[in-house]
Structure formats: C-alpha cells, structure tokens
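Participant: To start, I am sharing the structure in question, which I have written as structure tokens.
2 protein chains.
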Amino acid sequence: MRSYKQFCGLAKALEMVGDRWTLLIVRELLARGRCRYTDLQKGLPGIATNLLADRLRELEEAGIIRREDAPPPVATTLFALTPRGEELEPVIDALGRWGVPLLASASKSDTFRGHWLIFPAKLYLKDHASDRPPIAIEVHTDDEPIVIEAHAGSVRARVGSAEKPDAVMTGSPRLIAALISGNLTLAAARHAGLHYQGDAKALKRLQPLAFAS
Amino acid sequence: MRSYKQFCGLAKALEMVGDRWTLLIVRELLARGRCRYTDLQKGLPGIATNLLADRLRELEEAGIIRREDAPPPVATTLFALTPRGEELEPVIDALGRWGVPLLASASKSDTFRGHWLIFPAKLYLKDHASDRPPIAIEVHTDDEPIVIEAHAGSVRARVGSAEKPDAVMTGSPRLIAALISGNLTLAAARHAGLHYQGDAKALKRLQPLAFAS
DNA sequence: CCGGATCCGGGTTGATACTG
DNA sequence: CAGTATCAACCCGGATCCGG
Chain A
1 MRSYKQFCGL AKALEMVGDR WTLLIVRELL ARGRCRYTDL QKGLPGIATN
51 LLADRLRELE EAGIIRREDA PPPVATTLFA LTPRGEELEP VIDALGRWGV
101 PLLASASKSD TFRGHWLIFP AKLYLKDHAS DRPPIAIEVH TDDEPIVIEA
151 HAGSVRARVG SAEKPDAVMT GSPRLIAALI SGNLTLAAAR HAGLHYQGDA
201 KALKRLQPLA FAS
Chain B
1 MRSYKQFCGL AKALEMVGDR WTLLIVRELL ARGRCRYTDL QKGLPGIATN
51 LLADRLRELE EAGIIRREDA PPPVATTLFA LTPRGEELEP VIDALGRWGV
101 PLLASASKSD TFRGHWLIFP AKLYLKDHAS DRPPIAIEVH TDDEPIVIEA
151 HAGSVRARVG SAEKPDAVMT GSPRLIAALI SGNLTLAAAR HAGLHYQGDA
201 KALKRLQPLA FAS
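Chains as they are written, first to last, in my numbering: chain A, 1 to 213; chain B, 1 to 213.
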C-alpha cells in the first residue's frame, strides 16, 4: 500500500496491514496456525492466487509472517505468523467483534468455513464455572468441525474434534454464530433448526450472561 | 469496497471500514469530535478531496457518521460519529498501538498534526496517583497544542490548552511520541532536544512503569 | 497436486482544476 | 466552504500457464 506519509501509528499500521485481503490472511494463520499455500486458499474463498502470493511476500518482508520449509517427507512450504504477527490478534478481535452485528444481514450466499467460528467462540464465551471439571463442545457445520474447550476458567477453541465431547451441536453458521454471540437462546436456536445433543448445561456454562433464559 | 462474500465478522467489518483512508477519517472524528469538511481535510494531509467526499458518503450510508447542519450564524455542515461509529474506538486503539513501534523508523518528511498525539497519550499514560489533586500537562509541537489531564485515576487528552498547566513540553513529534510510549526517559528526551518546564513529577505520575529511571 | 508467474480488462485512487 | 469533474496511473480479479 502506498504510504500515507503521516507520522501516526494508525497510519503506519494501515500501510502494513490495510491492504485488501491482508487481515483475512492473518485471520487464517491465527485460526489454523501454520499452514500451506493451498490451505490458505481454501480458507480465503474468492482471493486471486496472484494476490495471495503478493500478500504473502509483502507480509514476509514486513516481518509479520515467516516461510518455513517443512522437512521431508512432506517437503512443502509452510507459512506461519511471527511473534510480531501474533500481536495483531487484538486488532483482529476488535474488528471482528465490531463486525458481528453485520452478520445478521449477511447474504444467504456468503461462503463459510467452520474454523471462522473460532473467533466469536473465543470472544464471547467465558467459563463461568471455573471450579468444575473441564468440558468440550463440538461444533459442526457443513464444513470442518471445531471444538470449544473450557478448562479452569479459560475457554479455547480450535479446529478438530474432541474425543469425548460433553455436547455436539450441528446447524447453520448463522444459527451457531447467533447462539455464541448471545443473540439467540439455545431453545430458540433449536426451534430454528439447530441440532444439539448432550449436556445443555455445558453450553450454558459458557454463554454470555446477556440473557438468563 | 467490494464484498468478500464471506460469512465472517472480520470480513464484514473490513467491507465497511477496510477502504483506504476510511479508518483515518474515523480517527479524526474520534480525536476532534464533530467537525467541518475543511477540518477533516487539514487533519488528513494527502487525501484527495473527491476521496474524502466519497468516504464521507459511504460512512454516512453505513451509519458510522452523521451529517449535521450547524445552526445559524455558522451555517455549515458538520460531520460526527454515530454511536455505532464510536464503537470503532477499540479498533483504532488496537491498530494504533500495534503501529507505534513502526514510528521509530518513520520518514523525516512525514507530515504531522498535534492532535494525533491524543491516542498514544490515552493508550500509554495512566494516573498512578489517583489520590493526588488533578494535573494538566500541555504538549506543544509545530502544530496545534494538546492537553493531557489526570483526574482521580483516569487520564484524558484533548486538543487545546490548559489554564494553569502543571507542566508544558515542547519538542518534535518523534521525541514526544517516544516519551509517551515509554521508549525514552524524560532525561534522555531533554538531552535530545525536548523542552520541558514545570513539575517533572507531573509527567512521572503518568508515564508507563516500563522504565523506572 | 503445490506454489506460484503472467497477462489482461475493469475498477479504484490520486492530482489537479473547477464550481455553486 | 464543500464539494464535482476529469483523467492518468495504479491495483484488483479472473483466467491461464508452468516448473517441481
């Protein structure tokens, strides 16, 4: 991106990460950890391959990502965030949180990837029973499943499955996002088509206190 | 901005505020409160007037800013953030904080506006003596002065002057930014050309505890 | 299949000039 | 003061191609 030529931290930050697609690439690397070019492409539906290649080079020059040569027998290139790149997490979180209300009026035809739910899960869910044993909830959409785990007061979310989940939910991204962000009760989400099996209290332990139903 | 067509809060947020210049316009309105088109132009050196007009229209359609007709005798248009627009403050703060380290290698010829210092002042300074009487520090650069006020544990910064400042500092933006963000001690900044008169303890009360010199 | 490079058409940006 | 109008330069998206 062209320089703004302003002595301002915000302007300097935008020169490095303000380009189209750039922060979405960082989102992918934050959500999945280090991954291959092709994995990035799958997580960024709509990006042109030349733009992905350009951005990766710019991000590497800026010290935000790092290129690693995976050892044999894989022998492929892996892309990962540097520590400086990981410091962008608060930025992604703040922007993502600001954007959640916009999802309500999203187009029906928008693409979706399961691991994008990791961010609202981390942002909105808290462990309100830190003295209880750990729990795990599996979340299934059309795409790849994720697991939300609560353990001693902290919540983490990651791609993959749990070995013995306390609950498993299946539904449209829209329903699950509304449920996580506190705009829908479990009962209402079920009524709208969400499938939830397992311990209902597992979810209640994590949900925002906004509604107490 | 073209749609990413992704069901993701971050992507939706970037569609609204990810365009070039957009977040800098929000920065201006956050720092100065409501102001005129010409004030915005002065605070955004380098923006083309057609782009400013375009962005203001887009931001208004998005519900982020509001256009007000100032009453006579001023009779001018004022631009102000809506509540939804003000919710972008955490985003600006996170990005600005991430960008502060980049200022160290900024170009000598970058433009500067005094009120841009409001953000690092709010972000980095804390009132470490909430039981003491309020203080005010005036900060002068080539441009418009700002005031940093500490009162009962909280710090605020605004454009303008104080009636009876406890201290007044004058120096280059670079020096003052380094001092505020904790990368330079007062002694070092003075040695590098910063002029500081008044109570040195006033500044010490606010500075990050990073260095204890 | 992986990780791009190249080319091209169209849209966006930036600089300047101009106006109600 | 608060913008339009115009136009060149640049950036983006889509398609295609290519060496390992």
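Where is the CB? At the ideal position from N, CA and C, for every residue including glycine.
Output needed in chain order: residues of the stretch 76-110 of chain A with a Cβ under 8 Å from some Cβ in chain B.
Facilitator: The residues in question are E87, L88, P90, V91, I92, D93, A94, L95, G96, R97, W98, G99, V100, L102, L103, A106, S107, S109, D110.
Participant: So, are the CB atoms of I25 (chain A) and L40 (chain A) less than 8 Å apart?
Facilitator: Going by C-beta atoms, I25 (chain A) is nearer than 8 Å to L40 (chain A).
Participant: For H191 (chain B), is the classification buried or exposed, using 16 other Cβ atoms within 10 angstroms of its Cβ as the cut-off for buried?
Facilitator: Burial call: exposed.
Participant: Which one or two residues does DSSP pair with H140 (chain A) in a beta bridge?
Facilitator: Looking at the DSSP assignment, H140 (chain A) forms a beta bridge with A:T170.
Participant: What is the DSSP secondary structure of T22 (chain B), reduced to helix, strand or coil?
Facilitator: In this structure, T22 (chain B) counts as helix in the three-state DSSP scheme.
Participant: Spell out the partners DSSP gives H151 (chain B) in its beta bridges.
Facilitator: DSSP, once it has assigned bridges, lists B:S154 as partnering H151 (chain B).
Participant: Apply the 10 Å Cβ neighbour rule to P71 (chain B) and answer buried if 16 or more other Cβ atoms are within range, or exposed otherwise.
Facilitator: With fewer than 16 other Cβ atoms within 10 Å, it is exposed.
Participant: Here's the rule I'm using: 16 or more other beta-carbon atoms within 10 Å means buried, otherwise exposed. How should E149 (chain B) be labelled?
Facilitator: By the 10 Å Cβ count, E149 (chain B) comes out buried.
Participant: Taking the alpha-carbon positions, what's the R2 (chain B) to L44 (chain A) distance?
Facilitator: Roughly 15 Å separates the two Cα atoms.
Participant: Are the C-beta atoms of Y4 (chain B) and some chain A residue less than 8 Å apart?
Facilitator: Output row for Y4 (chain B): interface = yes.
Participant: Counting only Cβ pairs nearer than 8 Å, list the residues of chain B close to G46 (chain A).
Facilitator: Near G46 (chain A) (Cβ distances below 8 Å), the residues of chain B are Y4, K5, Q6.
Participant: Compile a chain-ordered list of the residues in the stretch 45-68 of chain B whose CB is closer than 7 Å to at least one CB of chain A.
Facilitator: So the list reads P45, G46, given in the order they occur along the chain.
Participant: Helix or strand or just coil, what does DSSP make of Q197 (chain A)?
Facilitator: Strand at Q197 (chain A).
Participant: Mark K201 (chain B) as exposed unless 16 or more other C-beta atoms lie within 10 angstroms of its C-beta, in which case mark it buried.
Facilitator: Exposed, by the Cβ-count rule.
Participant: Who are F79 (chain B)'s beta bridge partners in DSSP?
Facilitator: Answer is B:C35, B:R67, bridged to F79 (chain B).
Participant: Which of the three DSSP states, helix, strand or coil, is assigned to V159 (chain A)?
Facilitator: Strand.
Participant: Can you look up T111 (chain A) in the DSSP assignment and give me helix, strand or coil?
Facilitator: DSSP places T111 (chain A) in strand when its eight states are reduced to three.
Participant: Going by CA-CA distance only, name the one from A:G198, A:H195, A:I180 that's closest to Q207 (chain A).
Facilitator: Of the listed residues, the one whose Cα sits closest to Q207 (chain A) is A:I180.
Participant: With 8 Å set as the bound, which would you pick, yes or no: does the beta-carbon of K12 (chain A) sit closer than that to a beta-carbon of chain B?
Facilitator: Chain B contact via Cβ: present.
Participant: State the DSSP-derived secondary structure class of S213 (chain B), mapped to helix, strand or coil.
Facilitator: Confidence is the limiting factor: at S213 (chain B) the pLDDT is only 46, short of 50, which leaves the residue's position unreliable, though a coordinate-based value still follows. S213 (chain B): coil per DSSP, three-state reduction.
Participant: Going along chain B in order, which residues have a C-beta closer than 8 Å to the C-beta of R27 (chain A)?
Facilitator: Ordered by position in chain B, the residues that pass the 8 Å Cβ test against R27 (chain A) are C8, L10.
Participant: Using the C-alpha atoms, what's the distance from E86 (chain A) back to L125 (chain B)?
Facilitator: Going by the C-alpha atoms only, they are around 24 Å apart.
Participant: Which residues, taken in chain order from the stretch 114-129 of chain B, show a beta carbon closer than 8 Å to some beta carbon of chain A?
Facilitator: Within the stretch 114-129 of chain B, the qualifying residues are W116, F119, P120.
Participant: Can you tell me whether Q41 (chain A) is helix, strand or coil according to DSSP?
Facilitator: Helix, per DSSP.
Participant: Do the stretch 17-35 of chain B and the stretch 164-183 of chain A meet, that is, are 3 or more Cβ pairs less than 8 Å apart?
Facilitator: As far as the Cβ criterion goes, the stretch 17-35 of chain B does not touch the stretch 164-183 of chain A, which means the pair count is below three.
Participant: Measure from the alpha carbon of E58 (chain A) to the alpha carbon of each residue in A:L95, A:V17, A:P120, A:K12, then state which is nearest.
Facilitator: Nearest option by C-alpha distance: A:V17.
Participant: From this set, A:A80, A:S172, A:R67, A:T77, which residue's C-alpha is nearest K108 (chain A)'s C-alpha?
Facilitator: Of the candidates A:A80, A:S172, A:R67, A:T77, the one whose C-alpha sits nearest the C-alpha of K108 (chain A) is A:S172.
Participant: Buried or exposed: A13 (chain B), going by 16 or more other Cβ atoms within 10 Å of its Cβ?
Facilitator: A13 (chain B) should be labelled buried.
Participant: Going straight from the alpha carbon of L30 (chain A) to that of R205 (chain A), what length do you get?
Facilitator: C-alpha separation (whole angstroms): 25 Å.
Participant: Using three-state DSSP, classify I146 (chain A) as helix, strand or coil.
Facilitator: Of the three classes helix, strand and coil, the one that applies to I146 (chain A) here is strand, per DSSP.
Participant: Using a Cβ-Cβ cutoff of less than 7 Å, which residues in the same chain neighbour Q6 (chain B) once the five nearest sequence positions on both sides are dropped?
Facilitator: Closer than 7 Å at the Cβ level, and outside the excluded window around Q6 (chain B), lies no residue.
Participant: Starting from H191 (chain B), follow the alpha helix (DSSP H) in both directions and report where the run begins and ends.
Facilitator: Note, H191 (chain B): alpha helix (DSSP H), 186-191.
Participant: Quick check on P165 (chain A) - is its C-beta less than 8 Å from some C-beta in chain B?
Facilitator: Not one chain B Cβ lies under 8 Å of P165 (chain A).
Participant: Can you tell which of B:E61, B:D69, B:T76, B:W21 has its C-alpha closest to the C-alpha of T49 (chain B)?
Facilitator: Cα-wise, what sits closest to T49 (chain B) is B:W21.
Participant: G114 (chain B) to G96 (chain B), Cα distance in whole Å?
Facilitator: Cα to Cα, G114 (chain B) sits roughly 16 Å from G96 (chain B).
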